[in-house]
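Undergrad:
Residue numbers (the working numbering): 177 to 336.
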């Protein structure tokens with residue numbers, strides 16, 4: 177027996193680790209290596225940033241209805257029909273803040289031709305769906321069709 181500062185230790189305790197501790201130690205090392213392999217972007221391609229961007233793209237696709245393309249009806253007639261439907265939705269949902277004739281009120285005027293967040297049909301749809309940092313709430317709950325209709329209404333109204 178060894179004696180250090182009045183503490184006595186047995187010699188066999190220094191020679192080998194108990195079997196249970198050895199199994200636990202080796203198991204933790206194996207789990208750690210497996211975890212590092214699974215979640216290293218260089219080995220699997222998985223990353224939190226990639227997953228976040230995929231989620232954002234899926235959300236935008238659900239809101240706009242068209243994942244990577246500009247939002248535009250196929251013909252001018254179709255755009256006018258969509259704008260007419262958008263006028264009704266605008267009157268019900270947007271006129272309270274932006275005025276009956278897009279002239280503004282609580283919210284800014286939507287008569288254009290230039291807008292702070294973009295002047296394209298896709299920009300209008302994005303702003304309607306997601307809102308702005310300046311106080312406009314997002315209206316994604318309206319659904320892709322109504323959002324596109326309102327965007328078409330605002331877009332055709334300021335082109336004239």
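Ideal Cβ positions, reconstructed from N, Cα and C, are used throughout, including at glycine.
(1) Suppose you measure from the CA of residue 316 to the CA of residue 323; what does that come to, to the nearest Å?
(2) Quick check on residue 325: buried or exposed, where buried means 16 or more other Cβ atoms within 10 Å of its Cβ?
(3) Buried or exposed for residue 338, please, with buried defined as at least 16 other CB atoms from any protein chain shown within 10 angstroms of its CB.
(4) Quick one: Cα of residue 297 to Cα of residue 312, how far?
(5) Quick check on the DSSP output: the beta strand (DSSP E) that includes residue 183 runs from which residue to which?
(6) By alpha-carbon positions, which one of 229, 328, 310, 321 ends up nearest to residue 282?
(7) Count the other C-beta atoms from every protein chain shown that fall within 10 angstroms of the C-beta of residue 243, then say buried if there are 16 or more, exposed otherwise.
(8) Let's test the definition: count the other Cβ atoms within 10 Å of the Cβ of residue 278 and tell me whether it reaches 16, buried, or not, exposed.
(9) Whose C-beta lies closer than 7 angstroms to the C-beta of residue 214 among residues of the same chain, with five residues either side of it excluded?
(10) For residue 310, which of helix, strand or coil comes out of DSSP?
(11) Could you check if residue 247 is buried or exposed, using at least 16 other CB atoms within 10 Å of its CB as the buried criterion?
TA: Reading it off the structure:
(1) Going by the C-alpha atoms only, they are around 8 angstroms apart.
(2) The residue in question, residue 325, is buried, as its Cβ has 16 or more Cβ neighbours within 10 Å.
(3) Given that the chain is displayed from residue 177 to residue 336, the structure contains no residue 338 and the question cannot be resolved.
(4) So the two alpha carbons sit approximately 18 angstroms from each other.
(5) For residue 183, the enclosing beta strand (DSSP E) covers residues 183-185.
(6) When each option's Cα is compared against that of residue 282, the closest is 310.
(7) Residue placement at residue 243 is flagged as unreliable, the pLDDT there being 42, under the threshold of 50; the coordinate-derived value follows with that caveat. Under this definition residue 243 is an exposed residue.
(8) Buried is the call here.
(9) Once the five neighbours on either side are set aside, the close Cβ partners of residue 214 are 220.
(10) Of the three classes helix, strand and coil, the one that applies to residue 310 here is coil, per DSSP.
(11) Note that residue 247 has pLDDT 47, beneath the 50 cutoff, so the model's placement of it is unreliable and no number is given.
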